[in-house]
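S.K.: With positions in the sequence shown counted from 1, the corresponding number in this note's numbering is that position plus 1.
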Amino acid sequence: MRIALLQTAGDPANEPAANLDRLAEAAKRAKAGGADLLVAPEMFLTGYAIGRESAEQKAEPADGVSARRAAEIAQANGIALAYGYPERGEDGSVYNAAILIDAGGRRLLDYRKAHLFAALDRSMFAAGTGSYETARLGPFTVGLLICYDVEFPEAVRALALAGADLILVPTANMQPYQPVSHLLVPARAYENGIYVAYANRCGREAELDYYGLSSVAGPAGGNLVMAGDGEELIFADIEIGEVGVARTVNTHLKDRRPEAYRALAQVPG
Numbered sequence: 002m003r004i005a006l007l008q009t010a011g012d013p014a015n016e017p018a019a020n021l022d023r024l025a026e027a028a029k030r031a032k033a034g035g036a037d038l039l040v041a042p043e044m045f046l047t048g049y050a051i052g053r054e055s056a057e058q059k060a061e062p063a064d065g066v067s068a069r070r071a072a073e074i075a076q077a078n079g080i081a082l083a084y085g086y087p088e089r090g091e092d093g094s095v096y097n098a099a100i101l102i103d104a105g106g107r108r109l110l111d112y113r114k115a116h117l118f119a120a121l122d123r124s125m126f127a128a129g130t131g132s133y134e135t136a137r138l139g140p141f142t143v144g145l146l147i148c149y150d151v152e153f154p155e156a157v158r159a160l161a162l163a164g165a166d167l168i169l170v171p172t173a174n175m176q177p178y179q180p181v182s183h184l185l186v187p188a189r190a191y192e193n194g195i196y197v198a199y200a201n202r203c204g205r206e207a208e209l210d211y212y213g214l215s216s217v218a219g220p221a222g223g224n225l226v227m228a229g230d231g232e233e234l235i236f237a238d239i240e241i242g243e244v245g246v247a248r249t250v251n252t253h254l255k256d257r258r259p260e261a262y263r264a265l266a267q268v269p270g
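1) From Glu88 to Thr252, what distance separates their C-alpha atoms?
2) Do Cys148 and Thr172 have their CB atoms nearer than 7 Å?
3) Would you please state the rounded distance, in angstroms, between the beta carbons of Gly194 and Pro220? I believe it to be under 8 Å.
4) Confirm, please, whether the CB-CB distance from Ala115 to Ile74 is below 7 Å.
5) With which residues is Gln8 paired in a DSSP beta bridge?
6) Which of the three DSSP states is assigned to Gly64 in this structure?
7) Smallest Cα separation from Asp122: which of Ile51, Ala104, Ala165 and Ile102?
8) For Val250, tell me which candidate among Gly222, Ala19, Ile235 and Val197 has the shortest Cα-Cα distance.
9) Can the beta-carbon of Ala156 be found less than 7 Å from the beta-carbon of Asp150?
10) Have a look at Ala104, Gly65, Ala33 and Ile80 and flag the residue whose alpha-carbon is nearest the alpha-carbon of Tyr86.
11) Could you tell me which uninterrupted beta strand (DSSP E) segments, each at least 3 residues in length, are contained entirely in the segment 24-49, listed from first to last along the chain?
12) Rounded to the nearest angstrom, what separates Leu138 and Leu39 at their Cα positions?
13) How big is the Cα-Cα spacing for Val268 and Phe153?
14) Report yes or no: is there a C-beta of chain B within less than 7 Å of the C-beta of Ser216?
15) Going by Cα to Cα distance, which pick from Val143, Val170 and Pro177 is closest to Gly164?
16) Under 7 Å between the Cβ atoms of Ala228 and Pro187?
17) Going by DSSP, which residues form a beta bridge with Phe141?
18) Decide yes or no for the touch test of the segment 194-214 against the segment 173-185: beta carbon pairs closer than 8 Å, at least 3 of them.
19) By the DSSP assignment, the alpha helix (DSSP H) with Pro154 in it spans what residues?
20) Could you give the C-beta distance for Val226 and Ala237, rounded to a whole number, given that I count them as a contact under 8 Å?
21) In whole angstroms, what separates the C-alpha of Arg3 from that of Gly270?
22) Looking at C-alpha atoms only, which residue of Leu254, Glu61 and Tyr112 is the closest neighbour of Ile168?
23) Can you pull the DSSP bridge partners for Val69?
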């Protein structure tokens with residue numbers, strides 16, 4: 002499978018319609034480059050640092066107008082899409098969410114960010130419950146996380162134990178957190194024997210300077226490809242067979258001792 006990652010600053014006015022146009026253009030380029038899947042950043046449709054009022058105004062349900070347009074883009078270009086957006090939940094709460102749509106326009110996954118980053122996230126969004134679901138996409142079993150989630154080894158391990166061998170991570174990470182791309186993302190891939198695709202924003206938004214460095218890390222450790230700090234569409238070829246090879250060499254999942262980690266499962270009172 003060939004993955005494309007869209008690293009972008011998005012529409013300057015943070016308008017969903019304009020960002021969907023960008024998604025359509027990127028999908029066309031990605032497909033021309035041989036990609037089967039295109040991953041865009043966290044809160045791609047609306048911008049990330051937009052404030053509570055704007056997030057409330059622009060939030061849509063998982064099957065809303067923007068999702069239907071994205072499904073049309075996926076189907077028209079014959080490419081699967083994953084991107085971030087503000088989701089309006091059934092109870093009216095707004096979540097920092099990501100969606101995965103297959104090349105036929107079918108919604109496979111919708112995930113709500115569980116680990117909210119500081120006051121920035123908490124002022125705009127309700128936390129997801131950490132429902133680590135997976136879906137089949139080609140030869141891979143795919144899961145979704147969002148940005149800060151990948152910095153928690155438990156979240157990645159939960160998806161790996163659920164069968165994921167490819168985790169997509171729409172991201173809006175800013176300076177000075179570049180070590181996440183250089184160190185943590187490949188570490189998560191290595192310790193679980195999986196691929197991790199980390200699609201970051203770039204440029205400046207409000208007071209945030211996004212650092213770019215979108216990457217795909219492989220199950221043997223290390224980044225297979227990494228973007229610079231500007232707008233870019235990058236590609237990586239991934240092989241399902243490499244997951245089995247890596248898990249034979251590094252037997253972390255098989256050698257787990259859950260009975261020794263009981264403290265991790267205790268919820269503080």
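Each residue gets a CB set at the ideal place from its N, CA and C atoms; glycine is no exception.
M.R.: According to the structure shown:
1) If you take the alpha carbons of Glu88 and Thr252, they lie about 38 Å apart.
2) Here Cys148 is near Thr172, since their CB atoms are less than 7 Å apart.
3) That pair is a contact at about 4 Å.
4) Not a contact, by the Cβ cut-off of 7 Å.
5) Bridge partners of Gln8 according to DSSP: Glu233.
6) Per the sequence presented here, residue 64 reads as Asp, with Gly not at that position. Taken through DSSP and simplified to helix, strand or coil, Asp64 comes out as coil.
7) Out of Ile51, Ala104, Ala165 and Ile102, the CA that lies nearest to the CA of Asp122 is found in Ile51.
8) The candidate whose alpha carbon is nearest that of Val250 is Gly222.
9) The answer is yes: Cβ separation under 7 Å.
10) Minimum Cα distance to Tyr86 is reached at Gly65.
11) Within the segment 24-49, the complete beta strand (DSSP E) runs of at least 3 residues are 38-40.
12) In this model, Leu138 and Leu39 are separated by some 12 Å (Cα to Cα).
13) In this structure, the alpha-carbon of Val268 lies about 16 Å from that of Phe153.
14) The question asks about chain B, but that chain is absent: this structure has only one protein chain.
15) The alpha carbon of Gly164 has as its nearest neighbour, out of Val143, Val170 and Pro177, the alpha carbon of Val143.
16) With respect to the 7 Å criterion, Ala228 and Pro187 are not classified as neighbours on the basis of their beta carbons.
17) In the DSSP output, where bridge partners are listed per residue, Phe141 has Leu138.
18) Flag = yes, the segment 194-214 and the segment 173-185 touch.
19) Pro154 to Leu162 is the span of the alpha helix (DSSP H), which, as asked, contains Pro154.
20) 5 Å between Cβ atoms; contact.
21) A direct Cα-to-Cα measurement between Arg3 and Gly270 gives close to 46 Å.
22) Considering only alpha carbons, the answer is Tyr112.
23) The amino acid at residue 69 is misidentified as Val; the sequence shows Arg. None; Arg69 has no bridge partner.
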